[in-house]
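There are 2 protein chains.
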Amino acid sequence: MKPLKAKTIYIIVLLLCTLHAGAQTLAWYDPVKAPQSCINGRGWDSELQGTYTRLPNRMQKNMPEKVWKLSQNAAGLTIRFTTNSRTLQFKYTVVNAPQLPNMSRLNQAGIDLYATNNNGHTHWIGNHMQWNWGPDTISFAFRELETGEGTYELYLPPYSTLTSLKVGVEKEATFNFCPVRTDNPIVIYGSSIIQGASPSRPGLMWTNILQRQTGYNIVNMGFSGSCLMEPELFKALSEIDAKLFIIDPIPNSYRLTDEEIIKRITQGVHQLRRKSNAPILLSESYPQPDITFNPHAEDRMRSANKALRAAYESLLKAGVKGIYYQNSQEIEFTEDAMIEASHPNDIGNMAYAKAYEKKLKEILH
Amino acid sequence: MKPLKAKTIYIIVLLLCTLHAGAQTLAWYDPVKAPQSCINGRGWDSELQGTYTRLPNRMQKNMPEKVWKLSQNAAGLTIRFTTNSRTLQFKYTVVNAPQLPNMSRLNQAGIDLYATNNNGHTHWIGNHMQWNWGPDTISFAFRELETGEGTYELYLPPYSTLTSLKVGVEKEATFNFCPVRTDNPIVIYGSSIIQGASPSRPGLMWTNILQRQTGYNIVNMGFSGSCLMEPELFKALSEIDAKLFIIDPIPNSYRLTDEEIIKRITQGVHQLRRKSNAPILLSESYPQPDITFNPHAEDRMRSANKALRAAYESLLKAGVKGIYYQNSQEIEFTEDAMIEASHPNDIGNMAYAKAYEKKLKEILH
Numbered sequence: 004m005k006p007l008k009a010k011t012i013y014i015i016v017l018l019l020c021t022l023h024a025g026a027q028t029l030a031w032y033d034p035v036k037a038p039q040s041c042i043n044g045r046g047w048d049s050e051l052q053g054t055y056t057r058l059p060n061r062m063q064k065n066m067p068e069k070v071w072k073l074s075q076n077a078a079g080l081t082i083r084f085t086t087n088s089r090t091l092q093f094k095y096t097v098v099n100a101p102q103l104p105n106m107s108r109l110n111q112a113g114i115d116l117y118a119t120n121n122n123g124h125t126h127w128i129g130n131h132m133q134w135n136w137g138p139d140t141i142s143f144a145f146r147e148l149e150t151g152e153g154t155y156e157l158y159l160p161p162y163s164t165l166t167s168l169k170v171g172v173e174k175e176a177t178f179n180f181c182p183v184r185t186d187n188p189i190v191i192y193g194s195s196i197i198q199g200a201s202p203s204r205p206g207l208m209w210t211n212i213l214q215r216q217t218g219y220n221i222v223n224m225g226f227s228g229s230c231l232m233e234p235e236l237f238k239a240l241s242e243i244d245a246k247l248f249i250i251d252p253i254p255n256s257y258r259l260t261d262e263e264i265i266k267r268i269t270q271g272v273h274q275l276r277r278k279s280n281a282p283i284l285l286s287e288s289y290p291q292p293d294i295t296f297n298p299h300a301e302d303r304m305r306s307a308n309k310a311l312r313a314a315y316e317s318l319l320k321a322g323v324k325g326i327y328y329q330n331s332q333e334i335e336f337t338e339d340a341m342i343e344a345s346h347p348n349d350i351g352n353m354a355y356a357k358a359y360e361k362k363l364k365e366i367l368h
Numbered sequence: 004m005k006p007l008k009a010k011t012i013y014i015i016v017l018l019l020c021t022l023h024a025g026a027q028t029l030a031w032y033d034p035v036k037a038p039q040s041c042i043n044g045r046g047w048d049s050e051l052q053g054t055y056t057r058l059p060n061r062m063q064k065n066m067p068e069k070v071w072k073l074s075q076n077a078a079g080l081t082i083r084f085t086t087n088s089r090t091l092q093f094k095y096t097v098v099n100a101p102q103l104p105n106m107s108r109l110n111q112a113g114i115d116l117y118a119t120n121n122n123g124h125t126h127w128i129g130n131h132m133q134w135n136w137g138p139d140t141i142s143f144a145f146r147e148l149e150t151g152e153g154t155y156e157l158y159l160p161p162y163s164t165l166t167s168l169k170v171g172v173e174k175e176a177t178f179n180f181c182p183v184r185t186d187n188p189i190v191i192y193g194s195s196i197i198q199g200a201s202p203s204r205p206g207l208m209w210t211n212i213l214q215r216q217t218g219y220n221i222v223n224m225g226f227s228g229s230c231l232m233e234p235e236l237f238k239a240l241s242e243i244d245a246k247l248f249i250i251d252p253i254p255n256s257y258r259l260t261d262e263e264i265i266k267r268i269t270q271g272v273h274q275l276r277r278k279s280n281a282p283i284l285l286s287e288s289y290p291q292p293d294i295t296f297n298p299h300a301e302d303r304m305r306s307a308n309k310a311l312r313a314a315y316e317s318l319l320k321a322g323v324k325g326i327y328y329q330n331s332q333e334i335e336f337t338e339d340a341m342i343e344a345s346h347p348n349d350i351g352n353m354a355y356a357k358a359y360e361k362k363l364k365e366i367l368h
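Protein chains in written order, with this note's numbering: chain A, 4 to 368; chain B, 4 to 368.
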């Protein structure tokens with residue numbers, strides 16, 4: 004080992020002092036210990052206190068095992084707070100899980116930050132790679148912010164199970180968690196594409212773009228690879244006092260037979276209607292962007308779309324009210340819209356958000 | 004261990020048979036053993052035979068060590084071939100390296116495929132997650148393609164060192180590697196943003212988008228974190244008989260003093276001019292997308308842009324011909340254009356490609 008140069012030692016000492024000083028001057032706040040509930044994006048907030056999960060414990064027994072496991076991921080959850088601190092740090096722990104090949108770690112296990120200032124302007128705040136990636140403990144630091152006394156919104160990692168989270172601000176700064184939103188949510192049930200695959204970062208998940216663009220409260224019921232429309236799922240969804248339900252099942256449910264798709268969606272819609280008159284928007288899958296040279300890759304997906312359409316038309320004929328439909332082609336994909344032809348990338352997530360925003364405007368005008 | 008069910012055994016046997024049959028019916032071709040050189044995107048093709056690297060061995064001695072290491076990555080390399088096979092497989096080995104947090108594995112170590120049919124139409128072909136990710140050996144399979152006797156272009160992983168690659172096609176199919184392009188290239192020298200951070204997949208690196216949009220031969224001289232304009236770099240670049248040089252150094256060179264930036268770029272341009280009259284386009288860094296609430300995060304980057312501008316103006320005054328300039332604002336970023344505020348995501352890579360395409364049209368009209 005070579006002896007350290009004087010300059011190197013100086014830099015190390017300086018760095019340690021800075022880190023120490025930084026740690027000393029921050030006050031840390033824990034969302035699950037806030038005086039009021041403050042975790043947005045969940046259908047059962049009161050039952051989920053103390054957690055960053057999405058389905059209440061009582062559902063574990065009857066829920067498909069994969070759905071239950073994925074419900075532990077913090078997809079679509081956000082925490083809002085006001086502070087005048089110019090420094091922000093986030094430190095959290097996750098259940099260590101292998102990195103997926105078709106998603107950045109920043110999306111799978113990272114956080115994303117937006118803020119709204121007193122003039123009502125909302126902007127993204129990048130992390131500029133001021134991060135620390137442990138296998139379990141992850142942290143991000145933001146410095147010299149000029150939001151004023153802003154309202155921040157922290158987007159949690161869609162593909163990770165959070166076991167703790169702390170927000171650090173300057174000791175002398177004001178700080179308050181915003182109470183959880185209680186306006187009736189748009190409930191979005193679907194596949195990995197809803198859970199958050201595969202934009203570059205959580206804020207660019209289409210459900211989160213939609214939340215910012217429309218201002219609606221959104222409950223993310225995306226379950227990667229596991230959106231198979233089981234009765235237990237619709238039973239759970241029907242408990243939520245929703246403003247509108249989006250059912251976007253085909254990217255997983257195409258694995259069922261046409262007959263089974265029709266049966267499950269029909270029973271599901273009836274299940275929702277037993278409890279709710281909220282509009283129900285059924286959506287086909289994305290249009291295949293590489294269809295020209297690879298035309299058969301999603302033949303089955305297209306048949307499944309037709310089955311969904313048939314179910315929709317039967318429901319209309321049966322007189323079920325408030326049912327709406329989105330065609331594949333309404334999601335305007337370019338050839339650049341997907342990462343591997345199974346999940347939308349940033350460009351595809353923008354296209355999804357745009358299509359759904361338009362549809363929601365038509366329905367909820 | 005539970006005994007396997009009959010159905011499970013049946014599926015496994017079926018799968019093994021299919022894989023075996025698949026392997027038997029494919030013929031495998033190795034680009035480095037092709038009768039003619041066939042790896043595109045390099046300045047020193049004849050010296051780099053048998054490798055997927057970017058700088059010839061004789062340069063190792065004088066090149067900064069980090070640049071040399073990164074030159075082993077296959078950034079911007081492509082292989083073109085014609086075949087009428089409806090099945091394609093790619094099997095390759097890489098030097099195992101830790102996954103970067105701000106990039107999908109599919110971009111860091113994956114391949115991407117485009118094809119052009121006999122009518123001259125070019126389209127993307129997604130992999131539909133038909134892949135196998137070992138730590139060292141990676142493979143992708145494409146089936147039931149309808150390209151006809153197409154010309155395929157395979158984009159290699161920008162952040163991996165390839166140690167072998169084989170292309171598998173049906174045994175009875177035609178197959179030919181296309182000879183390496185020999186038209187004078189656009190040589191792009193820069194940082195990680197040039198090397199390929201951080202679109203969702205290799206085909207969406209802005210240098211590769213630019214290649215498809217303009218049809219130009221492109222040499223990717225991106226060196227992540229290491230674009231510091233050392234004399235040795237410009238000496239190397241000056242050896243290439245370029246159609247045009249793009250120098251996009253600021254996202255790394257901002258770490259130098261203004262004085263040093265001016266000195267290095269000025270000497271660098273003179274170095275290029277000693278050998279070449281090709282247009283030289285100097286580019287500022289990207290416009291900071293989160294500047295509203297985080298205005299100081301890139302103060303230094305903006306000063307460095309001004310230093311570059313000053314150098315450009317001095318060069319003009321000194322009568323150096325064929326020097327062009329791109330302002331930060333000509334790269335039209337939205338707030339959604341970056342993954343962490345340091346690298347463009349898919350949206351940002353599209354913006355980069357668009358800006359440079361416009362600039363190249365102005366210069367090379």
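All residues carry an ideal CB built from backbone N, CA and C; glycine is no exception.
Where the alpha helix (DSSP H) through residue i begins and ends
| i | result |
| --- | --- |
| Leu311 of chain A | Asp302 to Lys320 |
| Asp261 of chain B | Asp261 to Lys278 |
| Gln111 of chain A | Arg108 to Ala112 |
| Ile167 of chain A | The displayed chain sequence assigns Ser, not Ile, to residue 167 of chain A. Ser167 of chain A -> not in any alpha helix (DSSP H); beta strand (DSSP E) instead, spanning Leu165 to Glu173. |
| Val70 of chain B | Glu68 to Leu73 |
| Leu240 of chain B | Pro234 to Leu240 |
| Ile212 of chain B | Trp209 to Thr217 |
Residue environment, residue i, which counts as buried when at least 16 other CB atoms sit within 10 Å
| i | result |
| --- | --- |
| Asp349 of chain B | buried |
| Leu363 of chain A | buried |
| Pro161 of chain A | buried |
| Gln332 of chain B | exposed |
| Gln92 of chain B | buried |
| Trp127 of chain B | buried |
| Asn223 of chain A | buried |
| Gly113 of chain B | buried |
| Asp293 of chain B | buried |
| Pro205 of chain B | buried |
Candidates the options: closest to residue i by CA position
| i | options | result |
| --- | --- | --- |
| Tyr289 of chain B | B:Asn280, B:Lys361, B:Ala37 and B:Pro347 | B:Pro347 |
| Thr337 of chain A | B:Ala37, B:Ile334 and B:Leu207 | B:Leu207 |
| Tyr192 of chain B | B:Leu51, B:Ser163, B:Thr177 and B:Ile243 | B:Ile243 |
| Glu365 of chain A | A:Tyr327, A:Asp339, A:Gln63 and A:Val35 | A:Tyr327 |
| Met106 of chain B | A:Met132, A:Lys72 and A:Thr90 | A:Met132 |
| Ala369 of chain B | A:His368, A:Pro298, A:Leu109 and A:Gly153 | Since the first residue of chain B shown is 4 and the last is 368, residue 369 of chain B is not available in this structure. |
| Trp31 of chain A | A:Pro38, A:Lys94, A:Tyr117 and A:Asn255 | A:Lys94 |
| Gly129 of chain A | B:Met353, B:Asp339 and B:Ala354 | B:Asp339 |
| Val170 of chain A | A:Lys361, A:His368, A:Leu29 and A:Tyr359 | A:Leu29 |
| Gln102 of chain B | B:Gln274, B:Gly137 and B:Glu287 | B:Gly137 |
| Gln214 of chain A | A:Glu68, A:Asn280 and A:Tyr355 | A:Tyr355 |
| Leu318 of chain B | B:Ser49, B:Leu275, B:His299 and B:Pro205 | B:Leu275 |
| Ala200 of chain A | A:Glu301, A:Asn135 and A:Gln111 | A:Gln111 |
Amino acids of chain A, ordered along the chain, whose beta-carbon sits closer than 7 Å to that of residue i
| i | result |
| --- | --- |
| Met341 of chain B | Gly129 |
| Met106 of chain B | Ser107 |
Chain-ordered chain A contacts of residue i [CB-CB under 8 Å]
| i | result |
| --- | --- |
| Lys349 of chain B | In the sequence under discussion, the amino acid at residue 349 of chain B is Asp, which differs from the Lys named in the question. Residues of chain A passing the Cβ test: Ser203, Asp339, Asn348, Asp349 and Ile350. |
| Pro292 of chain B | Trp127 and Gly129 |
| Phe296 of chain B | Ala118, Asn120, His126, Ile128, Leu148, Glu149, Thr150 and Gly153 |
| Gln102 of chain B | Gln102 and Arg108 |
Span of the beta strand (DSSP E), counted from its first residue to its last, around residue i
| i | result |
| --- | --- |
| Ile350 of chain A | Segment Asp349 to Leu367 is the alpha helix (DSSP H) holding Ile350 of chain A; no beta strand (DSSP E) there. |
| Ser142 of chain B | Thr140 to Phe145 |
| Thr86 of chain B | Thr81 to Thr86 |
| Ile221 of chain B | Ile221 to Gly225 |
Beta-ladder partner(s) of residue i, from DSSP
| i | result |
| --- | --- |
| Thr185 of chain B | Beta-bridge pairing links Thr185 of chain B to no other residue. |
| Gln92 of chain B | B:Ala144 and B:Gly171 |
| Gln329 of chain A | A:Ser286 |
| Tyr117 of chain B | B:Trp127 and B:Glu156 |
| Tyr32 of chain A | A:Val170 |
Residues that residue i contacts on chain B, provided the C-beta gap is smaller than 8 Å
| i | result |
| --- | --- |
| Leu73 of chain A | By Cβ distance, chain B contributes nothing, its closest Cβ being about 18 Å from Leu73 of chain A, past 8 Å. |
Residues that residue i contacts on chain B, provided the C-beta gap is smaller than 9 Å
| i | result |
| --- | --- |
| Gln332 of chain A | Those do not exist, as Gln332 of chain A stays about 18 Å from chain B at its closest Cβ, beyond 9 Å. |
| Ala344 of chain A | Trp127, Ile128, Gly129, Asn130, His131 and Met132 |
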